[in-house]
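Working notes, beginning with the structure itself.
Number of protein chains: 2
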Amino acid sequence: MTQKSGIAAVAETAGVSVSTVSQVLSGNRPVSEATRAKVNAAIAELGYTPHPGARSLRSRRTESIALLVPDITNPFYPLVAVGMQDVLLPAGYLLSILDAGSQSGTGRLLGHVLERRFDGIALHIDGLSDADRARLAESGTRVVALGRDIGIEGSDYVESDDAGGFAKLGEHLLGTGRRRIGFIGGEEESDPSRLRLGGLRQAFAGAGLGYDDAATVFTSFTRDGGRDGIAALYERRTDWDAIVCANDLIAIGAMDELRRRGLSIPADVAVTGYDDIDAAALVHPSLTTVENPAREIGRTAARLLLTRLAGDGDDAPTQHITLSTRLVVRDSTTSPIPQER
Amino acid sequence: MTQKSGIAAVAETAGVSVSTVSQVLSGNRPVSEATRAKVNAAIAELGYTPHPGARSLRSRRTESIALLVPDITNPFYPLVAVGMQDVLLPAGYLLSILDAGSQSGTGRLLGHVLERRFDGIALHIDGLSDADRARLAESGTRVVALGRDIGIEGSDYVESDDAGGFAKLGEHLLGTGRRRIGFIGGEEESDPSRLRLGGLRQAFAGAGLGYDDAATVFTSFTRDGGRDGIAALYERRTDWDAIVCANDLIAIGAMDELRRRGLSIPADVAVTGYDDIDAAALVHPSLTTVENPAREIGRTAARLLLTRLAGDGDDAPTQHITLSTRLVVRDSTTSPIPQER
DNA sequence: CTGAAAGCGCTTACAG
DNA sequence: CTGAAAGCGCTTACAG
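The listed protein sequences derive, respectively, from chains A and B.
Numbering (the numbering used here) for the first sequence: 48 to 388.
Numbering (the numbering used here) for the second sequence: 48 to 388.
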């Protein structure tokens with residue numbers, strides 16, 4: 048007996064042909080119960096695992112999906128990953144999370160990712176260069192974008208309803224009687240900053256009120272940004288009764304600076320964030336915020352990819368899915384008792 | 048001209064043999080400058096990318112490494128991943144992060160991971176079943192363990208010096224004059240709980256003091272665990288001047304409960320954590336803790352894998368690397384001013 | 001329901 | 001320094 052390996056060894060042990068073993072494995076054509084049993088016994092006896100390289104060489108599929116993120120230490124992305132796995136594992140796909148380390152690193156990693164011939168790629172990227180867009184389109188790899196359209200024919204995308212979330216925050220604050228409401232954005236040129244401010248304006252308009260441009264400042268999406276934002280707003284006026292921040296980190300920095308100035312939250316001034324990161328519930332007072340449905344974004348992205356991979360969908364129009372967000376009211380806007388010391 | 052693809056198309060365009068193209072790609076044997084130039088021109092013209100499946104089928108290598116973690120939403124693991132990438136990308140390996148979703152999920156995912164024939168796997172797992180250990184050993188895949196030995200011949204492991212970190216915390220507290228120091232552990236049977244308490248005892252012994260067993264309680268590694276721990280400790284006595292917690296989450300819960308009881312941190316009682324998660328700097332007062340060198344753990348694990356993969360190391364003895372930890376002193380033990388309101 | 005054979009795209013001895 | 005050929009382990013028409 049020659050020393051065979053792989054599927055040939057299984058075939059020999061089971062006393063059937065190599066093709067029959069393959070059919071048992073794939074289920075692509077009917078196999079008699081007796082044969083199937085012999086083959087499965089041989090597989091178990093030999094501890095056989097198909098070689099994925101050989102498989103993909105023929106089938107042109109790798110059964111793996113990549114999630115390419117700019118910064119895996121940002122807690123938003125692990126949640127997206129978990130959501131994608133929810134959908135992909137039961138469908139037989141393996142999800143690989145690839146960290147580019149930064150927005151600019153994404154382009155650099157893209158080449159490596161395309162080389163590996165993943166069946167599909169999910170990516171969250173701010174500025175995709177024309178060269179990268181062309182590489183993606185040519186590669187034939189299915190792409191789903193998170194957060195924004197990346198402008199490739201047939202590439203679907205999923206985003207959360209930022210504007211709606213800020214409209215809810217605005218309504219909540221207006222509903223509790225706050226009127227002198229400042230806004231601290233992240234980088235002024237960023238899409239999220241604009242969309243989020245837009246949602247706040249919408250809440251004011253809905254209540255028949257105008258929103259004053261002098262009530263907005265733009266800094267950066269960081270804790271320091273929040274501190275700077277408060278400093279800038281309090282130079283303009285000092286009677287704010289609420290501060291809406293473009294994300295939770297800004298809000299936490301804003302609370303630091305408000306506390307340093309001897310102001311009480313929420314008795315003197317209410318503060319809100321966005322994203323509902325873990326820290327939002329950990330800080331004191333706990334932060335009213337909006338849940339960014341990261342996990343659901345991941346699930347949706349995975350479903351869109353699977354649909355495209357199932358074929359037939361090649362000529363389907365690009366899909367754009369917007370997920371609604373949920374207001375999470377905590378103590379920073381509504382604490383009934385005066386702040387404890 | 049027949050319609051070739053892959054390396055054959057490159058060979059035809061360049062007017063050389065398929066083997067020569069392969070040699071240019073791999074650098075495995077000398078190629079004349081002129082030939083190399085022709086081949087590279089053809090590669091660029093055709094936008095050729097080698098097929099990884101075909102490559103691994105022959106070479107028995109995938110040039111990819113997997114990091115298998117129990118819960119990617121635990122911020123410790125993304126940092127480990129970043130550290131591994133620091134080392135692996137320059138070496139030409141792609142790192143795939145795979146999330147098992149839970150400790151128990153790790154075994155379930157292991158089969159899928161082994162099927163993919165990664166060249167190496169890094170994993171952090173508490174209880175590896177004998178069956179899984181056998182599967183890992185048989186697969187021939189290189190394994191490096193994070194946090195503990197998994198008992199496979201030739202599998203190195205990396206851990207951080209928990210005991211040393213707690214010894215530093217203990218010395219810091221004793222040095223600031225605290226003596227009535229309680230300890231809130233996680234699950235009592237867990238290795239980390241034992242090791243960490245051991246470090247604290249060591250600090251007392253070093254100062255010529257004894258440590259009282261009645262000063263320890265075990266709960267769980269969560270925020271709720273911290274609340275419960277305080278309740279349990281204050282049933283025993285009420286004059287604690289410091290609480291050492293087995294991780295940051297416990298510490299944050301402990302601070303919640305101390306504050307609720309009207310105690311001031313650190314004026315009445317100091318609190319310490321472990322890990323230095325982001326939230327440790329975000330809470331108020333900011334938390335004195337110990338940095339768990341996650342990124343360095345990742346780097347070290349990656350280096351160990353690469354060394355083994357470079358061969359020659361097959362018969363090298365198992366390596367066990369312990370990384371030292373760093374004390375991070377913040378306001379929860381030393382705030383010079385009375386706590387602000 | 002089953003088998004023999006071609007071929008996916010590479011790498012690697014073997015020859016020259 | 002270069003080429004022809006075998007073969008890695010599968011899947012998939014083609015035949016029966």
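Ideal Cβ positions, reconstructed from N, Cα and C, are used throughout, including at glycine.
Keep in mind that this is a model prediction, so the values were computed, not measured.
Within the continuous beta strand (DSSP E) that includes residue i, where are the two ends?
| i | result |
| --- | --- |
| B:His-367 | 367-370 |
| B:Arg-373 | 373-375 |
| B:Tyr-204 | 203-207 |
| A:Ile-90 | Element bounds for A:Ile-90: not the beta strand (DSSP E) but the alpha helix (DSSP H), 80-93. |
| B:Leu-170 | 167-170 |
| B:Ser-52 | Counting along the chain, B:Ser-52 falls outside any beta strand (DSSP E), and DSSP gives it neither H nor E. |
| A:Asp-146 | 141-146 |
| B:Thr-336 | 336-338 |
| B:Leu-183 | First-last for B:Leu-183: 177-186, but that is the alpha helix (DSSP H), not the beta strand (DSSP E). |
What are the start and end residues of the alpha helix (DSSP H) that includes residue i?
| i | result |
| --- | --- |
| A:Ile-299 | 295-307 |
| A:Glu-235 | From DSSP, A:Glu-235 is part of no alpha helix (DSSP H); its letter is neither H nor E. |
| A:Leu-136 | Run containing A:Leu-136: none; DSSP gives neither H nor E here. |
| A:Asp-275 | 270-283 |
| A:Leu-353 | 341-356 |
| B:Ser-66 | 65-73 |
| B:Val-160 | 150-162 |
Find the residues of chain B that neighbour residue i, judging by a C-beta separation of less than 9 angstroms, and give them in chain order.
| i | result |
| --- | --- |
| A:Leu-135 | Residues of chain B passing the Cβ test: none, with the nearest at roughly 11 angstroms. |
| A:Ser-69 | Neighbours of A:Ser-69 on chain B: none; closest Cβ ~16 angstroms, over 9 angstroms. |
List the residues of chain A that residue i touches, going by C-beta distances under 7 angstroms, in chain order.
| i | result |
| --- | --- |
| B:Ile-299 | Leu-329 |
| B:Pro-125 | Ile-119, Thr-120 and Pro-125 |
| B:Asp-325 | Ala-326 |
| B:Leu-104 | His-98, Gly-100, Ala-101 and Leu-104 |
| B:Asp-63 | Note on identity: in this sequence residue 63 of chain B is Val, with Asp being the wrong assignment. By Cβ distance, chain A contributes nothing, its closest Cβ being about 22 angstroms from B:Val-63, past 7 angstroms. |
Whole-angstrom Cβ separation of residue i and residue j, contact assumed at under 8 angstroms?
| i | j | result |
| --- | --- | --- |
| A:Arg-342 | A:Gly-300 | Rounded, the Cβ-Cβ distance is 26 angstroms, inconsistent with contact. |
| A:Gly-194 | A:Arg-346 | About 15 angstroms separates the two Cβ atoms, so there is no contact after all. |
| B:Val-134 | B:Arg-355 | 13 angstroms between Cβ atoms; not a contact. |
| B:Thr-365 | B:Gly-201 | 6 angstroms |
| A:Ala-184 | A:Ile-168 | Incorrect: roughly 12 angstroms between the Cβ atoms, too far for contact. |
| A:Gln-150 | A:Pro-117 | 5 angstroms |
| A:His-367 | B:Arg-164 | About 37 angstroms separates the two Cβ atoms, so there is no contact after all. |
| A:Thr-380 | A:Thr-223 | 7 angstroms |
Could you tell me which chain B residues have their CB closer than 8 angstroms to the CB of residue i, listed as they occur along the chain?
| i | result |
| --- | --- |
| A:Gln-132 | Asp-146 and Gly-148 |
| A:Arg-163 | Pro-99, Ser-111 and Leu-141 |
| A:Ala-178 | Within chain B, no residue comes near A:Ala-178; the closest Cβ sits about 12 angstroms away, beyond 8 angstroms. |
Would residue i pass as a contact of residue j if the rule is Cβ separation under 9 angstroms?
| i | j | result |
| --- | --- | --- |
| B:Gln-297 | B:Gly-358 | Looking at the sequence provided, one finds Ile at residue 297 of chain B rather than Gln. Not closer than 9 angstroms, so no. |
| A:Leu-216 | A:Val-291 | yes |
| A:Ser-143 | A:Leu-114 | yes |
| B:Arg-284 | B:Arg-227 | yes |
| B:Asp-166 | B:Arg-189 | yes |
| B:Asp-303 | B:Gly-273 | yes |
| B:Asp-196 | B:Gly-246 | no |
| A:Asp-179 | A:Gly-152 | no |
| B:Leu-334 | B:Asp-378 | yes |
| A:Val-127 | A:His-159 | no |
| B:Gly-391 | B:Val-264 | Residue 391 of chain B lies beyond the range of chain B shown here (48 to 388); nothing can be said about it. |
| A:Ala-138 | A:Leu-353 | yes |
| A:Phe-213 | A:Leu-244 | yes |
| A:Val-337 | A:Thr-372 | yes |
| B:Val-376 | B:His-219 | yes |
| B:Pro-125 | A:Asp-146 | yes |
| B:Ala-250 | B:Leu-221 | yes |
| A:Ser-207 | A:Ile-119 | no |
In chain A, which residues lie less than 8 angstroms from residue i when you measure between Cβ atoms?
| i | result |
| --- | --- |
| B:Glu-236 | Simply none; closest approach about 26 angstroms. |
| B:Val-129 | Ile-119, Thr-120, Asp-146 and Gly-148 |
How about residue i: is its Cβ closer than 8 angstroms to a heavy atom in the ligand ZN?
| i | result |
| --- | --- |
| B:Gly-255 | With respect to the ligand ZN, the structure shown offers nothing to examine, as it has no ligands at all. |
Kindly list, in the order they appear in chain B, the residues whose Cβ is closer than 7 angstroms to that of residue i.
| i | result |
| --- | --- |
| A:Gly-94 | Glu-185 |
| A:His-159 | Leu-141 |
Check: Contact between the stretch 311-319 of chain A and the stretch 99-114 of chain A: three or more CB pairs below 8 angstroms?
Finding: no
Note to self: Does the contact criterion of 3 or more C-beta pairs under 8 angstroms hold for the stretch 58-76 of chain A versus the stretch 64-82 of chain B?
What the structure shows: no
Next item on the list: Mind the definition here: the stretch 76-95 of chain A touches the stretch 53-61 of chain A only if three or more C-beta pairs lie below 8 angstroms; say whether that holds.
Entry: yes
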